[in-house]
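>
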Amino acid sequence: MDASTLLLPCSDGAVAGAVDFRGRPASRSGTGRWSAAMFVLGVEIAERFAYHGVSANLISYLTGPLGESTAGAAAAINAWSGVATMLPLLMACVADAWLGRYRTIVLASLLFVVSMGMLTVSALPVFNHDGCSHQSKSLACSPSPVQVAVFYVSLYLVALAEAGHKPCAQAFGADQFDQHDPKESVSRSSFFNWWYFGMCSGTAVTTMVSSYIQDNVGWGLGFGIPCLVMVFTLLAFLLGTRSYRYYTSTESSPFARLARAFVALIRGTKSSQYESNLATDDAAHREEVKGVLRLFPIWATCIIYAVIFSQSSTFFTKQAATLDRRIGSTLRVPPAALQTFISLTIMAFIPIYDRAFVPAARRFTRLSSGITMLQRIGTGLVLAMVAMVVAALVEMRRLGVARDAGLVDQPKAALPMTLWWMVPQYVLFGLSDVFAMIGLQEFFYDQVPDALRSLGLAFFLSIFGVGHFLSSFLISAIDGATKKSGASWFSNNLNRAHLDYFYWLLAGLCAVELAAFVVVSRVYVYKKRASHDNGAVM
Numbered sequence: 241m242d243a244s245t246l247l248l249p250c251s252d253g254a255v256a257g258a259v260d261f262r263g264r265p266a267s268r269s270g271t272g273r274w275s276a277a278m279f280v281l282g283v284e285i286a287e288r289f290a291y292h293g294v295s296a297n298l299i300s301y302l303t304g305p306l307g308e309s310t311a312g313a314a315a316a317i318n319a320w321s322g323v324a325t326m327l328p329l330l331m332a333c334v335a336d337a338w339l340g341r342y343r344t345i346v347l348a349s350l351l352f353v354v355s356m357g358m359l360t361v362s363a364l365p366v367f368n369h370d371g372c373s374h375q376s377k378s379l380a381c382s383p384s385p386v387q388v389a390v391f392y393v394s395l396y397l398v399a400l401a402e403a404g405h406k407p408c409a410q411a412f413g414a415d416q417f418d419q420h421d422p423k424e425s426v427s428r429s430s431f432f433n434w435w436y437f438g439m440c441s442g443t444a445v446t447t448m449v450s451s452y453i454q455d456n457v458g459w460g461l462g463f464g465i466p467c468l469v470m471v472f473t474l475l476a477f478l479l480g481t482r483s484y485r486y487y488t489s490t491e492s493s494p495f496a497r498l499a500r501a502f503v504a505l506i507r508g509t510k511s512s513q514y515e516s517n518l519a520t521d522d523a524a525h526r527e528e529v530k531g532v533l534r535l536f537p538i539w540a541t542c543i544i545y546a547v548i549f550s551q552s553s554t555f556f557t558k559q560a561a562t563l564d565r566r567i568g569s570t571l572r573v574p575p576a577a578l579q580t581f582i583s584l585t586i587m588a589f590i591p592i593y594d595r596a597f598v599p600a601a602r603r604f605t606r607l608s609s610g611i612t613m614l615q616r617i618g619t620g621l622v623l624a625m626v627a628m629v630v631a632a633l634v635e636m637r638r639l640g641v642a643r644d645a646g647l648v649d650q651p652k653a654a655l656p657m658t659l660w661w662m663v664p665q666y667v668l669f670g671l672s673d674v675f676a677m678i679g680l681q682e683f684f685y686d687q688v689p690d691a692l693r694s695l696g697l698a699f700f701l702s703i704f705g706v707g708h709f710l711s712s713f714l715i716s717a718i719d720g721a722t723k724k725s726g727a728s729w730f731s732n733n734l735n736r737a738h739l740d741y742f743y744w745l746l747a748g749l750c751a752v753e754l755a756a757f758v759v760v761s762r763v764y765v766y767k768k769r770a771s772h773d774n775g776a777v778m
């Protein structure tokens, strides 16, 4: 990001609806814009570092030190991820109605520090049975009940911290740009690209560093480093307090507003005198619920994308553990570190998208964003489907290599197949995220009623919450069904499993979802805004 992008020309006067940290009207020249948004971006990078310091290699911890089965660990991770991405619906309402986004970010960051500290303690040798270590495979070295209890309590506290942080940090960062100012509005659209770039930089670093430390040094240190990073970044975020723009609201909670809107909507369908008798605020509430309900078809047609998204940190990692991961004569790449290719792809492609693709597309479409938000999301869905097809083909080859090498019944042996075979599916995941993930973030922030923007980003996250829960259900159901007929698709011995069948199933479901998405996107009408592009359809 160059200096001309970061420093917008100053405009005189105050920003409508915004105040500074003392509650006075926010000065356009003295608050907000990129100089303030960078502090928020910094705390988001640290949050990604902390969260992915846990989630990226979690399946290795569950199937290693905690001794869980592959299918059980994958289902547990998806359930936990589902909680982490569904709770933002509640936390967004708390932020919008009572705490405000700034206070919620601070409290969530503090909870991250506490929960990561507890995870660090749960992984220390003090919890191991005498004579055992995390590297031991002896049955006598199974984890103690106290260790398991402290671990899972800590894990779900991380989910709670994530739930408070996610809907508020991005909305608070976007709040630093005035949507009614033409130049700041363009920068806000660019902000979503750079926001995801920052997220992925934090993810890439923690995936490489933490997974290597966890696999080669110790889990306690691997959990402890992200905790320390979160402490220092929270302090930096607090230093930016004077430069932020704060939007205050005297409205009731979003849930209460939506509940009243539903009542008003029902009354309106039953009374011919409704329009003449309806109070002004009830009319506004009714429009708000209509504004939320019209997003549901887009929400529903992105669920399978979220199911696909959840595979990269579970089964992909277990597959990578069976491959030849040597680079040179001494370095062995941790299985979870392959997820770095997702982040690196995103970091490499976002500048290309923002600086080359958007200006080129703008010449043809005359849209400030280059293409519509729904076109961007649809492109990401296509790439996700292609990624699962590639993953299925690579898994078929991996199983063939295991058979040809006579290693089917030696799951711990490294197959004569290099880890580079799995890189294309990670790269396709990254490209898909640039289009679908960022497009969904901007869509749900931009298209919800203005008073419900934190809730809008929570709706976006709930796509992945439902997707994680659905993935957990599918894994458990398929595991139970296939065990009855022989070997499970998700056998602990991956050389006898059939992850390729599961990937083909997801690719087929994604194709059906894509067809439905095209239909609903063609009839969707964008929210009208002054000084913005008219709503185009996909």
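Sequential numbering of the sequence shown, starting at 241, is according to our numbering.
Don't be surprised by glycine CBs; every beta carbon is placed ideally from N, CA and C.
(1) With H, G and I counted as helix, E and B as strand and the rest as coil, what does DSSP make of Thr509?
(2) Using 10 angstroms around the beta-carbon of Asp415, count the other beta-carbons present and answer buried if the total reaches 16, otherwise exposed.
(3) Drop a sphere of 10 angstroms on the beta-carbon of Thr658, count the other beta-carbons inside from all chains shown, and report buried for 16 or more, exposed for fewer.
(4) Express the C-alpha separation of Val760 and Glu424 in angstroms, rounding to a whole number.
(5) From the DSSP secondary-structure annotation, give me the bridge partner or partners of Ile567.
(6) Starting from Gly257, follow the alpha helix (DSSP H) in both directions and report where the run begins and ends.
(7) Expressed to the nearest angstrom, what Euclidean distance is found between the alpha-carbon atoms of Phe555 and Ala314?
(8) What does Tyr486 pair with, by DSSP beta-bridge criteria?
(9) State the Cα-Cα distance for the pair Pro385 and Phe279, rounded to the nearest angstrom.
(10) Whole angstroms is fine: what's the gap from Ser553's alpha carbon to Ile299's?
(11) Report all residues from its chain with a CB closer than 7 Å to the CB of Gly257; omit the five preceding and five following residues, and keep chain order.
(12) Quick one: what's got a C-beta closer than 6 Å to Phe412's C-beta in the same chain, skipping five residues either side?
(13) Within the same chain, show all residues whose beta-carbon is closer than 7 Å to that of Cys440, passing over the 5 residues directly before and after it, in chain order.
(14) DSSP puts Thr658 in a beta bridge; with which residues?
(15) Tell whether a beta-carbon distance below 8 Å holds between Met356 and Val390.
(16) Suppose the cutoff is 6 Å on Cβ atoms and the five residues either side in sequence are ignored; what does the same chain contact list for Glu753 look like?
(17) Near Thr562, which residues of its chain fall below 6 Å by C-beta distance, leaving aside the five closest residues on each side in sequence?
(18) Where are the alpha helix (DSSP H) runs, 4 residues long or more, that stay fully inside the segment 629–701, in chain order?
(19) Apart from the five residues on each side of it in sequence, which residues of its chain come closer than 6 Å, Cβ to Cβ, to Tyr291?
(20) Helix, strand or coil, according to DSSP, for Ser731 in the structure here?
(21) Would you report the Cα separation of Val283 and Pro265, rounded to the nearest angstrom?
(22) For Phe477 and Pro651, I'd like the C-alpha separation in whole angstroms.
(23) Give the secondary structure of Gly371 by DSSP, where H, G and I count as helix, E and B as strand, and everything else as coil.
(24) Rounding to the nearest angstrom, what Cα-Cα distance links Ala727 and Ile718 in this structure?
(25) With DSSP collapsed to three states, give me the class of Tyr764.
(26) Report back the beta-carbon spacing between Val398 and Ala286 to the nearest angstrom; my notes put them in contact at under 8 Å.
(27) Using 10 angstroms around the beta-carbon of Pro599, count the other beta-carbons present and answer buried if the total reaches 16, otherwise exposed.
(28) If you pair each beta-carbon of the segment 604–621 with each one of the segment 707–726, do three or more pairs fall below 8 Å?
(29) Can you tell me which of Leu571, Ala676, Tyr484 and Arg602 puts its alpha carbon nearest to the alpha carbon of Arg268?
(30) So what does DSSP say about Ser267, is it helix, strand or coil?
(31) As a quick exercise: from Thr271, Ile317 and Ala335, pick the residue whose alpha carbon is nearest that of Ala698.
(32) What does the alpha-carbon distance come out to for the pair Val547 and Gln681?
(33) Which residue comes first and which comes last in the alpha helix (DSSP H) that contains Gln551?
(34) Rounded to whole angstroms, how far is the Cβ of Gly679 from the Cβ of Met613, which I believe are closer than 8 Å?
(35) For Lys406, tell me which candidate among Thr722, Gly705 and Arg534 has the shortest Cα-Cα distance.
(36) Between which two residues does the alpha helix (DSSP H) holding Ser427 run?
In this structure, then:
(1) Because the pLDDT of Thr509 is 48, which lies under 50, any placement of that residue in the model is unreliable, and the number read from its coordinates should be weighed accordingly. Helix at Thr509.
(2) buried
(3) exposed
(4) 31 Å
(5) Leu571
(6) Per DSSP, Gly257 belongs to no alpha helix (DSSP H); it is in the beta strand (DSSP E), Ala254 to Val259.
(7) 7 Å
(8) Val259
(9) 41 Å
(10) 8 Å
(11) Tyr487
(12) Val280 and Arg341
(13) Ser583, Ile586 and Met587
(14) Asp564
(15) no
(16) Thr541 and Ile544
(17) Leu655 and Leu734
(18) 663–672 and 678–687
(19) Glu402
(20) coil
(21) 25 Å
(22) 46 Å
(23) Model confidence at Gly371 stands at a pLDDT of 47, short of 50, so the residue's coordinates are unreliable and nothing is read from them.
(24) 11 Å
(25) coil
(26) The pair is not a contact, with the Cβ atoms about 14 Å apart (cut-off 8 Å).
(27) exposed
(28) no
(29) Tyr484
(30) strand
(31) Ala335
(32) 17 Å
(33) Neither: Gln551 is in no alpha helix (DSSP H) and is coded neither H nor E.
(34) 5 Å
(35) Gly705
(36) Pro422 to Asn456
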